[in-house]
Each structure stands twice: as structure tokens, then as C-alpha cells.
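Below is one structure, written out as C-alpha cells; comments come after it.
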Amino acid sequence: MRQIRIFDTTLRDGEQAAGGSLTLPEKMELGRQLQRLGVDIIEAGFPATSPGDFRAVEMMSRELRECQIAALSGFKEDQIETTYRALQDAVAPRLHIVISTSDNHLQNQLHMSRQQVIEIARDATAFCKRFLSDVEFSAMDATRSDPDFLCEVFSAAVASGATVINVPDTLGYHQPPQFADLVRYVMEHVPGVENVAVSVHCHNDLGMATALSLAAVNEGAEQIECTINGVGERAGNASLEEIVMALRTRQDYYQATTNINTEQIWRASRMVSQYMGFVVQPNKAIVGANAFAHSSGLHQDGMLKERTTYEIMTPESIGRNDSRLVLGKTSGRHAVRSRLEELGFELDNDDFALVFAAFKELADKKKDVSDGDLEAIVSQHMVRTPEMYQLVRVQVVTGNDSVPTATVQLRTEDEVLEDAAIGDGPVDAVVRAISRITGVEARLTEYTLQAITPGVEAQGEVTLRIASEGHTFIGRGTSTDIVVASAAAYLNAVNKVLARHEVEHNGTVDALGLHNQMNVEVGPPAEQPVAV
Ligand code: KIV
Ligand code: ZN
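Count along the sequence shown starting at 1, add 2, and that's the number in the numbering used here.
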């Protein structure tokens, strides 16, 4: 059985998804989950591009000791030095450098000759080797490059000591048999390739990223770069869960395996979706809400008789166990703590006290507290933005013949403030009341509401985006009451706006972990306010 190494780039390429920026505490929580998931390498950021990415790579390098940490770098010496400084404390750091190899990029973007690119590949790789032994070299836009020139560039990198050469389908352009041919060509035409690992990195613009990655495995690629839920630039990257479950479910065909603990996939997917504010499409392979739902009578009949009639893998194999309801209002500390530990959360006493209090509050409102509910509580309490305002009370009056009116009470460090507003709907009224108290003017550009668990007493999870002063901020909130969840989510985003002000005035970027909230999105902004 061959061992395929999984290189997760959720925190680098994934975070490049428009509107998907993460705060430092969110990145750290995700990094811990990726380690639990068993990925071989976490690409934690692009340190030379922002102080926030630098800090994230540095912190992950120091804390996560069970996997390799990689960081992306441009090919210039100062960029490589900065990247190395961020990575240096990792147990097995990897410097990842990139330069484009297609004529299109050479002419239109880099304004360089082919010879110059070969020299850069040679010199930049050699420069990296002064700092670290493990150096990955990526040829951006490889699939639109002249294959012979691509091999020349890779040869220069290998001759200078690259340990991994990566073949990216940067624009999601290739078709699977073509990509298989290209990977084979590289394997056959780069001197010394037998001593390095060949990696692939595919984008999903034509919906082919998983197929291409797996086609490359068949040609001998040893490393696959991918992201949870397939998040990433434009249409995203190859999706980790699809690749890993294809290799596992069709081990008979691929004769290959990974180190992934598949039972952690569901949780990783939920976290990425929550933190980035991207709802997973219901029919998404492996992690969509309907991925294991059988609705036709014929299929249900088969499933009841023998699961394998219509199931090629089980929901349990990805850690999805919706029916496991174990905790309720009589559950004590011990039971809650052990369930949290089974789910992989190791909390210190202070954090546990917070989580337990929130659990009790929820258990008073709903009979059964599921794993999903517990995860939502932990994520709410563990990765919170520093809060200038806390939600104390929300009251709304609404109905088909009354003007929606909201009264909101917020607490700051020194006082409790209250105000009321009317709106087009109950959420609009709540949003207006919060704006009156906090003074933050923002436009609600996106609003989604999902039930965390099935059933009438499910918790509602609201994810929204607001635009303020040219930036986008994500807010999340959960509650058994959807208006309260909306208020919590809106306030969460408003607190990020205020924290950003704080950062701008006091320069405490890293302390607040909010660097990435400053990312300005490129691409069509959501201009229309959302009415809810
Ligand atoms: O898509 C791409 O080419 C990349 C490289 C940096 C590997 O993300
Ligand atoms: Zn990419």
C-alpha cells in the first residue's frame, strides 16, 4: 500500500477565498483540529504578506508538534528570510516557494524571460536550503506551461535541493487524463525526480479538482494539496474529504492510504464552515447535509434491509453521528467533560467552567444536547473576538399586523445600555437597536440561518456578513431563538468592527488576532443590503 501525504492548505489557499478570512484564534482552533484530523502538513499562511499571517505561522509552529508546518513564500530573499523566521520553531518546518512558469504569466505578470525563471528557481531554492532542509518548489500555472520548460524549471529546483516539486493546476484548467499525462511527463523528464516527492495542487474551476488529484495519485504523486470543504480561491481547491474518502473507499483501486483519522472530518468541516461563514451545499460529497440522506422509498427499503445496498461508506466513518444524543439537563460536570474529551476538546478548568455554564443554560431550554450543540458552544466560547459589548437581553414584538419593534440591552465593562428601534422585520429592528447603542454603522450584506440539529427544539445558527468602512466582517451566533441568534451574530460582527478600530488606533494587531479582518476583498462586493 502506498502512503499518500495530505498537505492541507485551508489556512493559506483556503483563506484566500473571497470573504473567508479568519481571526487568529479561529486559525489556531482550526490548526488544532487539522492536527487531530491527522494531516501530514499544515500550510499555515503566507508570512511575508501580512503581520497576521506571520503570527499565525509562528504560533502554529510553536504549538502544533504532531505534524509538519509549511508556509508559502515568494522567491525574493527578504520574503524567504521572513518566512523562515515565522517557521523556525516548528518540529519539521517546510519552506514553500513559488514562481509562475506559463508564458502567459511570464509575459503579462512577471515580465521575465524563461531563462530568468530557471535562474530564479535555482537560486531561490538554494537560498531556502541555507535555512531549512525541507523545501517545496511550486510552478504556478504549471498546466498552462510548456511541459519541457516546466521540466527544466523543476530540474533547476531539484538540482538546488528541493525536496518536493509541486504541479499546480492553478486555474482549474486541465482535464483528468491530460493532468495524468503531465504528471507522468514530469516524473519521466526531471533528472533526480526519484529522490524527491511529486505533489499536486488542483483548483476546482471546472469541477475537476478531486478527479485531477486522484489521477495524479495513479501516476505516482505522493502528496496532495487540498482544503477542508474545498474552500479556496474562486471555485476553491481540491477538497480534502473527497480525496481522503475516495482513497479509503476505493483502496482496492488506488492501493494507497493516508494518515487521516476520517472520524474527525465532519467536525473539521463544521468548523471551517462556521468560522469562514460559508454554508456547505446540501448535496456536497461527504460533508453536505444530504450526503447520507436516503429519501426515495426504494432506497429506504434497501437501507432497512441491508445498508450496503445504497451506502458505499457510513456517516460514522467521517464522525457524523446525528442520532447520538447523550446529554441533558441532569448531566453533570463529569459527563459533559468526558463527552467533550471524546469529541477531542481538551479544555482547562476556566474554559470548561464557561462551557459548562453555557451547556446548563442550553439544557434548560432543550431536552437533549447533541454533539453538534456542544461543538457550537465550544466554538462560541473558545474563539471569541475580544468583546466591547455583550448581549444581555433582546425582546421583540412582531406579527402580521404590528410594526416589528426590538428592545436590546448590551453590557460594556462599565455600564448596561438599552435602546429600542423599529424595522422592516424583527431582525432588522434588532440590528437597528444595536446600531443605535454601539454607534456602528454597517450594512448587512449576507444572512444565513441553519438548524444545528434536526427537530423542533434545534438551535438556530446564524452566520452573517456586514460591510463597514470598506471591509467585510463575519458574525456568528447560536441560540434556540433565531432572533436572539441573529442579535448575537450581528453583535459579534460589530465587536470585530470595533476591535479593528482599536487595532488601528493602538496598533495591537496581534494581541487581538484580528489582522485578517482587515483584508479587503477583491471581486464583486455584495452591494445589496439584505432585508430580514
Ligand atoms: O494555485 C496555485 O498555483 C498555488 C501555488 C502557490 C501552489 O496556490
Ligand atoms: Zn492554489
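Glycine included, every Cβ here is placed at the ideal spot set by N, Cα and C.
Just so you know, these numbers come straight off a predicted model, no measurement behind them.
Near ligand 1: residue i beta-carbon under 7 Å from a heavy atom
{"i": "P49", "result": "no"}
{"i": "S104", "result": "no"}
{"i": "N168", "result": "yes"}
{"i": "L74", "result": "yes"}
{"i": "M142", "result": "yes"}
{"i": "V198", "result": "no"}
{"i": "V100", "result": "yes"}
Near ligand 2: residue i beta-carbon under 7 Å from a heavy atom
{"i": "T172", "result": "yes"}
{"i": "P507", "result": "Note that residue 507 is His in the sequence shown here, rather than Pro. Outside the cutoff, so no."}
{"i": "N239", "result": "yes"}
{"i": "D15", "result": "yes"}
{"i": "H535", "result": "Residue 535 lies beyond the stretch modelled for the chain, which goes from 3 to 534, so this question has no answer here."}
{"i": "H203", "result": "yes"}
{"i": "E415", "result": "no"}
{"i": "E235", "result": "yes"}
Cβ neighbours of residue i in the same chain (closer than 7 Å, five flanking residues each side left out)
{"i": "V499", "result": "V442, A444, S470, F475"}
{"i": "P149", "result": "L184, Y187"}
{"i": "L349", "result": "L342, V357"}
{"i": "Q257", "result": "M3, R4"}
{"i": "R335", "result": "F358"}
{"i": "R434", "result": "A423, G425"}
{"i": "A295", "result": "none"}
Contact set for residue i: own chain, Cβ-Cβ below 8 Å, skip 5 residues either direction
{"i": "Y175", "result": "T145, R146, D207, L208"}
{"i": "V524", "result": "Because V524 sits at a pLDDT of 35, beneath the cut-off of 50, its placement in the model cannot be relied upon, and the following sentence gives the value as read from the coordinates. Excluding residues within five positions, the ones whose Cβ falls inside 8 Å are A20."}
{"i": "A248", "result": "T212, L216, Y256"}
Residues of its chain near residue i, where Cβ-Cβ distance is below 6 Å and the 5 sequence neighbours each way are ignored
{"i": "S162", "result": "R124, T127, A128"}
{"i": "F181", "result": "L214, A217"}
{"i": "Q225", "result": "R7, F9, A199, S201"}
For residue j and residue i, believed in contact at Cβ under 8 Å, the rounded distance
{"i": "V274", "j": "T480", "result": "Actually they do not touch by this definition, with Cβ atoms about 17 Å apart."}
{"i": "A94", "j": "D136", "result": "7 Å"}
{"i": "I538", "j": "D370", "result": "The requested residue 538 is not part of the displayed model; the chain covers only 3 to 534."}
{"i": "V41", "j": "D10", "result": "4 Å"}
{"i": "E31", "j": "M384", "result": "6 Å"}
{"i": "G389", "j": "N497", "result": "Just to set this straight, residue 389 is Glu in the shown sequence, not Gly. Indeed they touch by this definition, with Cβ atoms about 5 Å apart."}
{"i": "E463", "j": "A378", "result": "6 Å"}
{"i": "A73", "j": "E45", "result": "7 Å"}
Residues that DSSP places opposite residue i in a beta bridge
{"i": "I8", "result": "I226"}
{"i": "S404", "result": "Note: S404 sits in no beta bridge, so no partner."}
{"i": "A495", "result": "According to DSSP, A495 bridges with nothing at all."}
{"i": "A270", "result": "A270 is not bridged to any residue."}
{"i": "R413", "result": "Q392, V418"}
{"i": "V486", "result": "Answer is none; V486 lacks a bridge partner."}
{"i": "N239", "result": "H205"}
{"i": "T259", "result": "Q5"}
{"i": "V380", "result": "DSSP lists no partner for V380."}
{"i": "V233", "result": "None; V233 has no bridge partner."}
Residue-chain proximity (residue i, chain B), Cβ-Cβ < 8 Å
{"i": "L356", "result": "Within the model displayed, chain B is absent; a lone protein chain is all it includes."}
Which whole runs of the beta strand (DSSP E) in the region 161 to 217 are 3 residues long or more, in chain order?
166 to 171, 199 to 204
With a floor of 4 residues, list each alpha helix (DSSP H) that falls wholly inside the region 305 to 364, ordered by position along the chain.
335 to 344
Runs of 4 residues minimum, wholly inside the region 17 to 91: which ones carry the alpha helix (DSSP H) assignment?
26 to 39, 53 to 65, 79 to 89
Those runs of the beta strand (DSSP E) which lie wholly inside the region 419 to 480 and span at least 3 residues
445 to 453, 462 to 470
Start-end ranges of the alpha helix (DSSP H) lying completely within the region 96 to 173, minimum 4 residues
116 to 131, 149 to 161
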